[in-house]
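Engineer: The structure that follows is given in the form of structure tokens.
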Amino acid sequence: MIVFPNAKINIGLNIINRRPDGYHDLETVFYPVKINDVLEVIEAPELSFESSGMDIPGNLDDNLCIKGYHLLKKDFDLPAVKIHLHKNIPIGAGLGGGSSDAAFFIRLMNEKFGLGLSPDKMMDYARVLGADCAFFIESKPVFAFEKGDEFEPIKLDLSAYKIVLVMPDAHVSTSEAYRGVKPAPVKESLYDLIKMPLTAWRGHIKNDFEGHIFRDQPVIRGVKAELYEHGALYASMSGSGASVFGIFEATPNLQGMEESNQVFYNV
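Numbering-wise, the sequence shown is residues 0 to 266 according to numbering that gives the first Met the number 0.
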């Protein structure tokens, strides 16, 4: 079976406080975008994982699909499988690619082997693997809160606009992003701000990671500025970066940016 894990962008990201368990309470809006990996699973004599496309850092034991297999194996009599992942979603981009791969793996295993898991139960498994993994079980726009793993559905449809995503030659680790941020209570919840007209987002919806990351990596700051210069109605770094997205009324010509960045149009 083959599935196509999709990426997400964060529209707004407020870091509210540090939790006793080491995580942070936050609020953000997850919105699915059409940048996809390709994930295939077939039965095999032994469990294995292979990849193509972009190089995937880390060792096999850290791979979220492998972790997902062992997680399900505790509760179900699963056969061994061969997992092939073609990696297209940029890594270290704040797009949730690894989390999406893990969630889609759970979905695929549920369907392929008739595990009978409801979406809520699949989300429970996904939450074990990562804070934002559960979002990708259904991949619908949500207001995310607590660790980013609790969701409130929202009505948000950006299909009338053109979303362009730019990935510069930069990398931001999640740990680096959190080290530099100062948690603070919000004066206005993103749950309410996201209901404003999109043309008003620029002055109200922010990503708390941008302050120190833009200072340390000016190339990312420059990408956001250039998207606004090309007419973006709203632009922001996604998650902890390094990718930046812009929302436009019409598809912009970003040919000049393509020379030193990956540019994904109409995602």
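By construction, the Cβ of each residue, glycine as well, lies at the ideal position given by its N, Cα and C atoms.
As the structure is a computational prediction, the values presented were derived from the model and not from experiment.
#1: Would you kindly work out how many angstroms separate the C-alpha atoms of Glu42 and Val2, rounded to a whole number?
#2: If you draw a straight line from the alpha carbon of Gly93 to that of Ala241, how long is it in whole angstroms?
#3: Suppose you measure from the CA of Met166 to the CA of Gln254; what does that come to, to the nearest Å?
#4: Is Tyr30 helix, strand or coil when you go by DSSP?
#5: Relative to the C-alpha of Ala29, which candidate in Arg214, Ala199 and Ser98 has its C-alpha closest?
#6: DSSP three-state call for Ile8: helix, strand or coil?
#7: Per DSSP, which residues does Arg17 bridge with? Please list them.
#8: For His203, which residues in the same chain have their Cβ closer than 6 Å to its Cβ, ignoring the five residues on either side in sequence?
#9: Give a yes or no on whether the C-beta atoms belonging to His85 and Ser51 are separated by under 7 Å.
#10: In angstroms, rounded to a whole number, what distance separates the CA positions of Asp215 and Lys66?
#11: Less than 7 Å separating the beta-carbons of Ala79 and Glu45?
#12: On a CA-only basis, which of Phe134, Leu128 and Asn252 is nearest Asp119? Give me that one, please.
#13: DSSP three-state label for Ser237, please.
#14: Just to confirm the assignment, what range does the beta strand (DSSP E) spanning Ile219 have?
#15: Going by DSSP, which residues form a beta bridge with Lys81?
#16: Taking only heavy atoms of the ligand NAD into account, decide whether any of them is closer than 6 Å to the Cβ of Met0.
#17: According to DSSP, which residues form a beta bridge with Met166?
#18: From this set, Gly95, Ser117, Leu25 and Thr27, which residue's C-alpha is nearest Asn35's C-alpha?
#19: In angstroms with no decimal places, state the Cα-to-Cα distance between Gly147 and Lys81.
#20: Return the first residue and the last residue of the beta strand (DSSP E) that Ile246 is part of.
#21: Kindly list the residues whose CB is nearer than 8 Å to the CB of Glu110, restricted to its own chain and excluding five residues on each side of it in sequence; keep chain order.
#22: Cα separation between Leu114 and Phe75?
#23: Would you list, in sequence order, the uninterrupted alpha helix (DSSP H) runs of no fewer than 4 residues that lie entirely inside the region 174-206?
#24: Which of the three DSSP states is assigned to Ile1 in this structure?
#25: Using the beta-carbon count (16 or more within 10 Å), is Ser158 buried or exposed?
#26: Take the Cβ of Asn58 as the centre, count every other Cβ of all protein chains shown within 10 Å, and call the residue buried at 16 or more, exposed below.
Structural biologist: Put simply:
#1: Glu42 and Val2: Cα-Cα distance of roughly 15 Å.
#2: If I take the Cα positions, the gap works out to 6 Å.
#3: Note on geometry: alpha-carbon atoms of Met166 and Gln254 lie some 14 Å from one another.
#4: Tyr30 falls in the strand class under three-state DSSP.
#5: As written in the sequence, residue 29 is Phe, which differs from the Ala given in the question. The residue from Arg214, Ala199 and Ser98 with its alpha-carbon nearest to that of Phe29 is Ser98.
#6: Here DSSP, grouped into helix, strand and coil, assigns Ile8 to strand.
#7: DSSP lists His23 as partners of Arg17.
#8: Leu192.
#9: Taking 7 Å as the Cβ cut-off, His85 and Ser51 qualify as a contacting pair.
#10: Note on geometry: alpha-carbon atoms of Asp215 and Lys66 lie some 33 Å from one another.
#11: Closer than 7 Å, so yes.
#12: Comparing Cα-Cα distances from Asp119 to each of Phe134, Leu128 and Asn252, the minimum goes to Phe134.
#13: If DSSP states are grouped into helix, strand and coil, Ser237 belongs with coil.
#14: Where Ile219 is concerned, there is no enclosing beta strand (DSSP E), although the alpha helix (DSSP H) it sits in stretches over Pro217 to Glu228.
#15: Ile41 and Ser47, per the DSSP bridge assignment.
#16: This structure simply doesn't include the ligand NAD, nor any ligand for that matter.
#17: Under the DSSP definition of a beta bridge, Met166 partners with Gln261.
#18: Residue Gly95 holds the alpha-carbon nearest to the alpha-carbon of Asn35 among Gly95, Ser117, Leu25 and Thr27.
#19: Rounded to the nearest whole angstrom, the CA to CA distance from Gly147 to Lys81 is 31 Å.
#20: Looking at the DSSP string, the run of the beta strand (DSSP E) that includes Ile246 is Val243 to Phe247.
#21: Residues Met0 of the same chain have their beta carbon placed closer than 8 Å to that of Glu110, with the five preceding and five following residues left out of the count.
#22: Using only the alpha carbons, I get a separation of about 8 Å.
#23: The region 174-206 is shown to contain whole alpha helix (DSSP H) runs of 4 or more residues at 189-192, in chain order.
#24: DSSP places Ile1 in strand when its eight states are reduced to three.
#25: Result: exposed.
#26: Exposed, because fewer than 16 other Cβ atoms sit within 10 Å of the Cβ of Asn58.
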